[in-house]
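Residues -18 to -1, 1 to 277 (mature numbering (1 follows the signal peptide of the UniProt record, and there is no 0)) are what the sequence shown spells out, left to right.
Even for Gly, the Cβ is constructed at its ideal location relative to N, Cα and C.
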Amino acid sequence: MKKSYILLLCIFSITLLGCDKDDDNLTGPIPFPSPSPSPGPTPVVDVTAPQIQVYDPTADDTFLSIGALSVYVYAIDNVAIKDPKVFLIDPTGARTPISSLYLNTFESSKERSLTGVIKVGGNLSGLYTILVEAEDLSQNKSQVTVPVNIIAEDLASLDFKTAFMASGWFEQSDWNTGYLDLERFNIAFYWILNQNAWDYNIHPEYVDKFGEDFGQHKQLWSKWDVNKNGYLENSELNNGMADLKFFELWDVNQDKMITEEELADGVAILWDVNKDNIVDAKEFVDKLTEYFLLL
């Protein structure tokens, strides 16, 4: 009897141990694989170079080395752009940076432009190149070249029309349109008469000299300064220019626009003092230098 009791007790103990192990298997933590990290967004690489537009000078245009070469370049990028650079390359290949141009910034960092006027100088005639370089913040680069002809010969060795149209004066005045309407025409001549860029005071004696040199008009100031206050007001200038009839007479095709060629022909008539249909060096060199070579 005692042996049977001990045997039953052992069987009961083994059963309890088996239940504990089963419970452990049921209630223990269930292993799960560790989650893999999600891949981040692929960075976008900017490979687009800036775009460049050169409005001035025009390809193959001609300028005097002592004249004014107008420069107007515009650059734009899809993201952000650095300041563009402009260089002048002479016929020998020598490259000179142009640092005198005015940098125009915009609200957007994608845009930049450079404007200004340079004088080439020197005594080397031939084909020059305006080189414009632009670079964005991702080091994408682009460049544009514009060839121009430079005349370094003495003015007296040139015919009038070549010298006049190569002075660069018209390109400074036409606002990149290729013509002057009446308003811009009068403004352009205002800047001829105003020799001091820092004020608006036009000197009476200079207006009288201008009248003599442009048609031998006497005492032009006294005719223009109608209110006799010693200043040439805008309305007085416009009325005075209308009295001279320059715009009316020089606008040959009557389209209310003066082209550079019409301007040159009109000035030639006034400066051909001996009326031989040739404006020689004695008749134009000093006047061209005085009024149209502004640098």
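Item: When we look at the beta-carbon of Phe192 and count the other beta-carbons within 10 Å, is it buried (16 or more) or exposed?; Value: buried
Item: What residue does the beta strand (DSSP E) around Lys67 start on, and which one ends it?; Value: 67 to 71
Item: Considering only C-alpha positions, which residue in the set Ala62, Glu194, Asn259 is nearest to Lys269?; Value: Glu194
Item: How about the region 172 to 186 and the region 240 to 247: do they share at least three Cβ pairs that are nearer than 8 Å?; Value: no
Item: Helix, strand or coil for Glu93, going by three-state DSSP, please let me know.; Value: strand
Item: What did DSSP end up calling Gly193 once you bin it into helix, strand or coil?; Value: helix
Item: Where Gly49 and Asp43 are concerned, what is the direct C-alpha to C-alpha distance, given to the nearest angstrom?; Value: 13 Å
Item: If you run the structure through DSSP and keep just helix, strand and coil, what is Leu8?; Value: Its pLDDT being 48, under 50, Leu8 is placed unreliably in this model, and the value from its coordinates should be taken loosely. Residue state, collapsed to three classes: helix.
Item: State whether the region 106 to 124 contacts the region 66 to 81, with contact taken as three or more CB pairs (one from each stretch) at a distance under 8 Å.; Value: yes
Item: Any idea which residues DSSP pairs Lys269 with across the strands?; Value: Its beta-bridge partners do not exist; DSSP assigns none.
Item: Could you have a look at Leu164 and say whether DSSP puts it in helix, strand or coil?; Value: helix
Item: Going by C-alpha distance, which of Tyr161, Ser107, Lys92 is nearest Ile133?; Value: Ser107
Item: Using DSSP with H/G/I as helix, E/B as strand and the rest coil, what is Val255?; Value: coil
Item: Can you tell me which of Glu165, Val102, Trp157 puts its alpha carbon nearest to the alpha carbon of Val149?; Value: The question names Val, but residue 149 in the sequence shown is Ser. That would be Val102, whose Cα lies nearest to the Cα of Ser149.
Item: Any contact between the region 56 to 64 and the region 115 to 135? By contact I mean 3 or more CB pairs, one from each, below 8 Å.; Value: yes
Item: Could you check how far apart the C-beta atoms of Pro66 and Arg94 are, in whole angstroms? I think they sit under 8 Å.; Value: 6 Å
Item: The beta strand (DSSP E) with Lys238 in it runs from where to where?; Value: Per DSSP, Lys238 belongs to no beta strand (DSSP E) and is neither H nor E.
Item: If I'm right that Val36 touches Val55 with Cβ under 8 Å, what's the distance once you round it to whole angstroms?; Value: 5 Å
Item: So, helix, strand or coil for Asn221, using DSSP?; Value: helix
Item: Can you tell me whether Phe88 is buried or exposed, with buried defined as 16 or more other CB within 10 angstroms of its CB?; Value: exposed
Item: Note the first and the last residue of the continuous alpha helix (DSSP H) segment covering Ala31.; Value: First-last for Ala31: undefined, no H or E at that position.
Item: Thinking C-beta only, is Leu51 closer than 8 Å to Ala145?; Value: no
Item: Between Glu272 and Ile251, what straight-line distance do the alpha-carbon atoms span, to the nearest angstrom?; Value: 18 Å
Item: Could you check whether Gly197 and Leu162 sit closer than 8 Å to each other, using their CB atoms as the reference points?; Value: no
Item: Just list the residues that DSSP pairs Pro79 with in beta bridges.; Value: Phe69
Item: Looking at the structure shown, is Asn216 part of a helix, part of a strand, or coil, going by DSSP?; Value: helix
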